[in-house]
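J.:
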Amino acid sequence: MAIEAAKLGFPCGFLNHKISPRSRNVQARLKGDFGSKCRKLARRRISSSLVDEQQVSLTEPEAVLVEGLIGIQGRGRSTSPQQLKEVERALRILEDAQGVPEPTSSSLIEGSWQLMFTTRPGTASPIQRTFVGVDKFSVFQEVYLKTDDPRVINVVKFSEAIGELRVEAAATVKDGKRILFQFDRAAFSLKFLPFKVPYPVPFRLLGDEAKGWLDTTYLSNSGNIRISRGNKGTTFVLQKITEPRQRLLSAIATGTGITEVIDELISLNQTEVNGEEEILGDWQLLWSSQTEAEIWFDLATYGLEGSQVLNKYKQVENMVSILPGIKIRAIGNFEKSGSNMYSMTMDFVSILFGIFELPVETTIRKLNLEVLYLDSKIRITRGFRDLLFVHLRIEASKK
Numbered sequence: 472m473a474i475e476a477a478k479l480g481f482p483c484g485f486l487n488h489k490i491s492p493r494s495r496n497v498q499a500r501l502k503g504d505f506g507s508k509c510r511k512l513a514r515r516r517i518s519s520s521l522v523d524e525q526q527v528s529l530t531e532p533e534a535v536l537v538e539g540l541i542g543i544q545g546r547g548r549s550t551s552p553q554q555l556k557e558v559e560r561a562l563r564i565l566e567d568a569q570g571v572p573e574p575t576s577s578s579l580i581e582g583s584w585q586l587m588f589t590t591r592p593g594t595a596s597p598i599q600r601t602f603v604g605v606d607k608f609s610v611f612q613e614v615y616l617k618t619d620d621p622r623v624i625n626v627v628k629f630s631e632a633i634g635e636l637r638v639e640a641a642a643t644v645k646d647g648k649r650i651l652f653q654f655d656r657a658a659f660s661l662k663f664l665p666f667k668v669p670y671p672v673p674f675r676l677l678g679d680e681a682k683g684w685l686d687t688t689y690l691s692n693s694g695n696i697r698i699s700r701g702n703k704g705t706t707f708v709l710q711k712i713t714e715p716r717q718r719l720l721s722a723i724a725t726g727t728g729i730t731e732v733i734d735e736l737i738s739l740n741q742t743e744v745n746g747e748e749e750i751l752g753d754w755q756l757l758w759s760s761q762t763e764a765e766i767w768f769d770l771a772t773y774g775l776e777g778s779q780v781l782n783k784y785k786q787v788e789n790m791v792s793i794l795p796g797i798k799i800r801a802i803g804n805f806e807k808s809g810s811n812m813y814s815m816t817m818d819f820v821s822i823l824f825g826i827f828e829l830p831v832e833t834t835i836r837k838l839n840l841e842v843l844y845l846d847s848k849i850r851i852t853r854g855f856r857d858l859l860f861v862h863l864r865i866e867a868s869k870k
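Residues are numbered in the numbering used here as their position in the sequence shown, beginning at 1, plus a constant of 471.
1) With three or more beta-carbon pairs closer than 8 Å as the criterion, would you say the region 563-573 touches the region 661-681?
2) Quick one: grab the DSSP three-state call for R510.
3) Please check the pair G582 and K711, which I expect to be a contact at CB under 8 Å, by giving their CB distance rounded to whole angstroms.
4) With H, G and I counted as helix, E and B as strand and the rest as coil, what does DSSP make of D686?
5) Would you kindly work out how many angstroms separate the C-alpha atoms of E788 and F860, rounded to a whole number?
6) Please confirm if the region 725-741 is in contact with the region 827-847, defined as three or more CB-CB distances below 8 Å between the two stretches.
7) Can you give the Cα-Cα distance for V638 and G545, rounded to whole angstroms?
8) Using the Cα positions of I723 and I729, report the straight-line distance between them to the nearest angstrom.
9) Given F819, which residues of its chain have a CB within under 6 Å of its CB, disregarding the five upstream and five downstream residues?
10) Measuring straight from C-alpha to C-alpha, what distance separates F459 and L586?
11) Rank F654, A642, P665 by C-alpha distance to the C-alpha of R675 and give the top, closest one.
12) With a 10 Å radius around its C-beta and 16 neighbouring C-beta atoms as the bar for buried, classify N695 as buried or exposed.
13) Measure the C-alpha to C-alpha separation of L644 and R622 and round it to an integer number of angstroms.
14) Check for me: the alpha helix (DSSP H) holding G852 runs from which residue to which?
15) Among R548, V610, G547, E806, whose alpha-carbon lies nearest the alpha-carbon of V744?
16) Kindly list the residues whose CB is nearer than 7 Å to the CB of L794, restricted to its own chain and excluding five residues on each side of it in sequence; keep chain order.
17) Taking all protein chains shown into account, decide if R751 is buried (16 or more other Cβ within 10 angstroms of its Cβ) or exposed.
18) By how many angstroms is the C-alpha of F588 removed from the C-alpha of F611?
19) Who are the Cβ neighbours of R853 in its own chain at under 8 Å, not counting the five residues just before and after it?
20) Could you give the distance in angstroms between the alpha-carbon of I799 and the alpha-carbon of A771?
21) Check the DSSP bridge columns for W758 and list the partner residues they point to.
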């Protein structure tokens with residue numbers, strides 16, 4: 472149990488060109504639904520591919536993997552069966568494609584990697600579950616194999632104000648894919664203390680329990696994506712450079728640098744919304760620039776909290792949970808009023824108590840909604856009182 476805590480959830484570890492499959496199996500799978508999704512991603516403009524070519528270079532299957540990771544909470548802690556299915560399929564196709572041969576011999580594996588996803592984030596110790604499953608913490612793995620003291624270092628960054636935990640292991644390259652490791656030291660570096668706090672795990676007394684191995688099953692030719700599998704059967708997805716949507720979700724989780732990333736996304740998205748079908752679906756509000764407290768009914772009416780559904784009948788429904796079993800619902804209509812503008816009329820508000828609904832007398836409220844950024848997963852808008860809103864798509868609209 473102690474050594475599992477030390478591992479922190481992982482052992483010890485745009486579309487500007489097409490993939491060159493290394494086997495008939497990969498070629499066949501790329502011709503199916505997955506290939507259709509790849510081609511769809513490749514055809515999209517910058518509003519959905521979101522890649523500055525000087526920053527991130529992804530093959531089509533890599534882009535599908537990244538797309539599947541958008542919106543997954545806790546690096547895999549909270550994942551729907553459909554999300555998990557899509558991610559696992561993307562992982563298998565990339566592993567079949569192989570990527571860089573003998574990744575442990577490549578300089579591309581060196582450096583700091585951010586943990587984006589793990590298949591078993593909640594199965595080990597309470598400490599492991601706390602660190603890996605909390606989006607407010609950033610989890611990294613540093614790999615240094617081409618030095619006199621080869622090491623793999625797991626890093627949990629709590630925040631700039633608090634500090635970090637570093638768990639280090641001596642590393643040995645066994646072959647082109649496998650790294651052997653043995654944990655030997657760890658400490659908390661806290662900003663409010665002038666000294667390091669030792670991590671309470673007696674590595675030297677653990678013997679073989681402090682040892683393990685990590686296989687790199689895929690390393691991208693760009694050196695930006697790594698898939699690894701460990702001796703405990705866990706799969707990990709790590710990236711060196713994250714794309715803007717990933718940085719936005721991370722900024723929202725930590726509460727820092729949100730508006731800067733929003734500005735970056737808006738600057739990448741200069742296309743207009745072509746039709747109402749692009750905005751339809753179930754959306755969950757992740758963040759708004761609201762700072763003033765509002766009454767509950769206004770929270771629902773103006774979509775300041777909770778979820779929002781926009782359907783093909785031009786109806787909008789906002790839902791806010793105020794207490795367990797009690798929700799406020801606001802219903803209205805919307806229509807496209809400009810290239811990226813929508814007008815909404817909210818004319819019904821009710822309180823839901825389980826299966827019971829109590830209408831609330833209200834006046835008709837009208838508001839305008841400007842779409843600043845929109846893709847298949849993320850929506851950024853300016854609405855009530857010129858507030859900014861970031862929504863995550865939960866489900867596409869039923870056709």
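Cβ coordinates follow ideal geometry from the N, Cα and C atoms, glycine included.
Remember, it's a predicted structure, so these values are computed and weren't measured experimentally.
T.: Once the coordinates are examined:
1) no
2) Note that R510 scores a pLDDT of 44, beneath 50, so its modelled location is shaky; the value from the coordinates is reported in the next line. Correct three-state label for R510: helix.
3) 6 Å
4) strand
5) 16 Å
6) yes
7) 20 Å
8) 6 Å
9) I802
10) What the structure shows of the chain is the stretch from 472 to 870, and residue 459 is not part of that stretch, so it cannot be assessed.
11) F654
12) buried
13) The sequence as given places Val at residue 644; Leu does not occur at that position. Spanning the two alpha carbons is a distance of roughly 10 Å.
14) In the sequence on display, residue 852 carries Thr and not Gly. Not the alpha helix (DSSP H): T852 falls in the beta strand (DSSP E), residues 849-853.
15) E806
16) none
17) Looking at the sequence itself, residue 751 is Leu, so the reference to Arg does not match. Buried is the call here.
18) 11 Å
19) L840, E841, L843, L859, F860
20) 6 Å
21) V861
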